[in-house]
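Residue numbers (the working numbering), protein chains in the order written: chain R, 37 to 366; chain D, 37 to 366. Glycine included, each C-beta is placed from N, C-alpha and C at the ideal position.
There are 2 protein chains.
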Amino acid sequence: MEDGRYIIGVDLGGTSINVGAVPFEGGTVLGMRSLPTEPHHGAKFVVDRMVGLIQDVIRDARREGDLAADFALGIGLGSPGPLDRASGTVIETPNLGWRNFPLRDLIANAVGLEAELDNDANAATLGEWWQGAGRGVRSLVGVTLGTGIGGGLILDGEVYHGVSDAAAEIGHMTIDSTGRKCNCGNYGCLEAYASGPAIAARAREGLEAGAPSLLPEMVAGDLEQITAATVSEAIVAGDVYAADVMRETAKFLGTGVANLINLLNPEMIVISGGVTRAGDHLFEPLRSEVRKRAFREAAESCRIVANELGDMAGVIGAAATFRIVRYGPL
Amino acid sequence: MEDGRYIIGVDLGGTSINVGAVPFEGGTVLGMRSLPTEPHHGAKFVVDRMVGLIQDVIRDARREGDLAADFALGIGLGSPGPLDRASGTVIETPNLGWRNFPLRDLIANAVGLEAELDNDANAATLGEWWQGAGRGVRSLVGVTLGTGIGGGLILDGEVYHGVSDAAAEIGHMTIDSTGRKCNCGNYGCLEAYASGPAIAARAREGLEAGAPSLLPEMVAGDLEQITAATVSEAIVAGDVYAADVMRETAKFLGTGVANLINLLNPEMIVISGGVTRAGDHLFEPLRSEVRKRAFREAAESCRIVANELGDMAGVIGAAATFRIVRYGPL
Numbered sequence: 037m038e039d040g041r042y043i044i045g046v047d048l049g050g051t052s053i054n055v056g057a058v059p060f061e062g063g064t065v066l067g068m069r070s071l072p073t074e075p076h077h078g079a080k081f082v083v084d085r086m087v088g089l090i091q092d093v094i095r096d097a098r099r100e101g102d103l104a105a106d107f108a109l110g111i112g113l114g115s116p117g118p119l120d121r122a123s124g125t126v127i128e129t130p131n132l133g134w135r136n137f138p139l140r141d142l143i144a145n146a147v148g149l150e151a152e153l154d155n156d157a158n159a160a161t162l163g164e165w166w167q168g169a170g171r172g173v174r175s176l177v178g179v180t181l182g183t184g185i186g187g188g189l190i191l192d193g194e195v196y197h198g199v200s201d202a203a204a205e206i207g208h209m210t211i212d213s214t215g216r217k218c219n220c221g222n223y224g225c226l227e228a229y230a231s232g233p234a235i236a237a238r239a240r241e242g243l244e245a246g247a248p249s250l251l252p253e254m255v256a257g258d259l260e261q262i263t264a265a266t267v268s269e270a271i272v273a274g275d276v277y278a279a280d281v282m283r284e285t286a287k288f289l290g291t292g293v294a295n296l297i298n299l300l301n302p303e304m305i306v307i308s309g310g311v312t313r314a315g316d317h318l319f320e321p322l323r324s325e326v327r328k329r330a331f332r333e334a335a336e337s338c339r340i341v342a343n344e345l346g347d348m349a350g351v352i353g354a355a356a357t358f359r360i361v362r363y364g365p366l
Numbered sequence: 037m038e039d040g041r042y043i044i045g046v047d048l049g050g051t052s053i054n055v056g057a058v059p060f061e062g063g064t065v066l067g068m069r070s071l072p073t074e075p076h077h078g079a080k081f082v083v084d085r086m087v088g089l090i091q092d093v094i095r096d097a098r099r100e101g102d103l104a105a106d107f108a109l110g111i112g113l114g115s116p117g118p119l120d121r122a123s124g125t126v127i128e129t130p131n132l133g134w135r136n137f138p139l140r141d142l143i144a145n146a147v148g149l150e151a152e153l154d155n156d157a158n159a160a161t162l163g164e165w166w167q168g169a170g171r172g173v174r175s176l177v178g179v180t181l182g183t184g185i186g187g188g189l190i191l192d193g194e195v196y197h198g199v200s201d202a203a204a205e206i207g208h209m210t211i212d213s214t215g216r217k218c219n220c221g222n223y224g225c226l227e228a229y230a231s232g233p234a235i236a237a238r239a240r241e242g243l244e245a246g247a248p249s250l251l252p253e254m255v256a257g258d259l260e261q262i263t264a265a266t267v268s269e270a271i272v273a274g275d276v277y278a279a280d281v282m283r284e285t286a287k288f289l290g291t292g293v294a295n296l297i298n299l300l301n302p303e304m305i306v307i308s309g310g311v312t313r314a315g316d317h318l319f320e321p322l323r324s325e326v327r328k329r330a331f332r333e334a335a336e337s338c339r340i341v342a343n344e345l346g347d348m349a350g351v352i353g354a355a356a357t358f359r360i361v362r363y364g365p366l
């Protein structure tokens, strides 16, 4: 933080709100704060909570980093989408229950700083590109495995948004047109195989068919309690069945990643989400499936790696969004 | 052709070589010439034939358009790939039997004009964007259905090549991971369902199972003679079975196109190739499948249209490649 200028990065999720002060040139994030989102209290509650966190962060960052108050350049917001960047409006977020919600201007007016808005998956990808696994790479695809599967695209050194800010819906890529039913209503979306709930559902199916495993014991016999995290824990405990479930997950994910590589020929794919804790149980079969399905030239020029920044990626990337809109490409 | 400056566009295919003089600012292509490629005569034969065509076109264009000889700015080459644009080398083309072939410099030296190289599918997409169906659009995806399925990407006003010039391999997008075997060795590639040979193969399968149709009569009982063009002709003649085959093709293609839309949120998808002659028999079920599988925001902002320039797209786009490399974005 050479000159003390910084941008507030806000990562708004369905579960929690993370806020930090991100130095203009990157580096250590100051004053990090986090609170649960609690969207059931309504939109005003969430906005007030965001504003409070931002004010706390500005105060703390000044204390921690010896920052001048007027060096807060503005606020970058990462929010679930779809959204419209030009107007700063969240068009719809099922998780938060918002529709056509002018989030950017509400925050900017309440805090008294200018703000910019992008979607959370783009922000996380941008964060990993600027300060994390993707530093120095020209084109990369971020894939976040969670309750859903999100994505972000950095192409030729810039975030690619598409014509209506709706690009990078990686989770709803069809990999098996007559396959598993997805929450979106279609069949065979990547998300129906490799999201957290899909991993848990596939694990349960095998257990119900009688596969031997530590998993039932880990959830005291209540298979509904199994999550993707339970599967990862079981792998660490040496469970062969759980490792099989992860290998199968990796094959589905590898099919989707191969599609991304054949289409976009990126230098890197960054995989984020709790499932990366499975380590080589995920990445080895994933890379192997990609080698089978992607063109050699494209596969050989693409590294497939885990994210480095964890939850910080969203905060750092949200700040980067503001910087890019106001000050040009990183 | 206001100032008489032009670029020679060369579209090299496995079947034919098309060459024309493309005005710097676009507009009517002059001196168009075409000859079969005849790659079995070897690389030298093909290069000599290309050089001869280029020289003929320069002479004819001057005559037709009253062009000054020194207004030929250079040569744009579209070739099957993969290739390396920086070195102007064709890395491999199974159709022509070339490997690591320095096409750009061989042509440039023989003609005495500078040259640039890009792959044929990128060139065709660029042509449609500059002068055809995609005029004025910011981001589009070109999909060419032929013996294989090729593609090109124009993203935010520029051709997107990827990190090793290997982007836009649309034909090998997996849409059905356990589906039909593709020539590439994998299963369930779009090309295994919607390329010309795949359409013909699916038509034959139904006929062998006893479907009533005009098709067998049209090929005098020799089902091996059925091509995608025969299927299109049968549709025009009112054949219900052929229309079913095309509807099924459109559904597969629609799955692939929906993936492109969910991932890239383009303003337009331009479909090229003989199969577009099926008109609404292709486009209606294609659009319907896309509406089912793509996100609403992204689907609503994307027009799905047929190409406008036919074979000229490759020539015009090849010339545009030269213009962009030497003079900046269009």
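Counting only runs of 3+ residues, the beta strand (DSSP E) found wholly inside the stretch 236-315 of chain D occupies 304-308, in chain order. Cβ-Cβ distances below 8 Å link D/S337 to N301, E303 in the same chain, with the five nearest sequence neighbours on each side left out; the list follows chain order. Between D/G188 and D/A160, the beta carbon gap of about 6 Å places them in contact (Cβ cut-off 8 Å). When Cβ-Cβ separations below 8 Å define contact, D/S200 makes contact with chain R. Under the 10 Å beta carbon count, D/V276 is surrounded by fewer than 16 other beta carbons and is classified as exposed.
For D/I211, the nearest CB of chain R lies under 8 Å from its own CB, placing it at the interface with that chain. Against chain R, a Cβ distance below 7 Å from D/R329 picks out T210, N222.
As computed with DSSP, R/F137 is found in a beta bridge with R/V126.
Counting C-beta atoms within 10 angstroms of its own C-beta, D/G221 has fewer than 16 neighbours from the protein chains shown and is therefore classed as exposed.
The beta carbons of D/D47 and D/G133 sit no closer together than 8 Å. In the three-state scheme derived from DSSP, where H, G and I count as helix and E and B as strand, R/L162 is classed as helix.
Straight-line measurement puts the Cα of D/H208 at about 8 Å from the Cα of R/R329. Inter-segment contact for the stretch 60-70 of chain D and the stretch 136-152 of chain D is absent: fewer than three beta-carbon pairs are separated by less than 8 Å. When rounded, the separation of the alpha-carbon atoms in R/R332 and R/V293 is 14 Å. DSSP places D/P72 in the strand class (E or B) of the three-state scheme. Cβ-Cβ separation between D/T291 and D/I211: approximately 5 Å, consistent with a contact (criterion under 8 Å). Within the stretch 171-185 of chain R, R174, S175 place their CB atoms closer than 7 Å to a CB of chain D, listed in sequence order. DSSP places R/R41 in the coil class of the three-state scheme, outside both helix and strand.
For the 8 Å CB-CB criterion, D/A356 and D/L162 form a contact.
With respect to the 8 Å criterion, R/G242 and R/V281 are classified as neighbours on the basis of their beta carbons.
In the displayed model, D/P59 falls within a strand according to three-state DSSP. Under DSSP, the beta-bridge partners assigned to D/G114 are D/D47, D/D154. Only exposed fits D/G172, as fewer than 16 other CB atoms lie within 10 angstroms of its CB. Straight-line spacing of the CA atoms in R/R99 and R/D347 works out to 23 Å. Neighbourhood of R/T214 in chain D, by CB distance below 8 Å: D212, in chain order. Each residue's CA atom was taken as its position, placing D/L176 and D/A335 some 13 Å apart. Within its own chain, the residues whose Cβ lies closer than 8 Å to the Cβ of D/Q261, once the five positions on either side in sequence are excluded, are V255, listed in chain order. Considering only beta carbons, the part of the stretch 283-303 of chain R lying closer than 9 Å to chain D consists of K287, F288, T291, G292, A294, N295, L296, I297, N298, L299, L300, N301, P302, E303, in chain order. For the pair D/P118 and D/G50, the CB atoms are not nearer than the 8 Å cut-off. The beta carbon of R/T214 is closer than 8 Å to those of Y223, G224 in its chain, skipping five residues each way along the sequence. Residue contact with chain R for D/L191: present (Cβ-Cβ distance below 8 Å to some residue of chain R). Assigned with DSSP and collapsed to three states, D/N131 falls in coil, not helix or strand. Within 10 angstroms of the beta-carbon of D/N54 lie 16 or more other beta-carbons, which makes it buried.
Between the C-alpha atoms of D/T285 and D/A108 there is a straight-line separation of about 43 Å. If you keep only unbroken alpha helix (DSSP H) runs of at least 4 residues inside the stretch 317-353 of chain D, you get 332-336.
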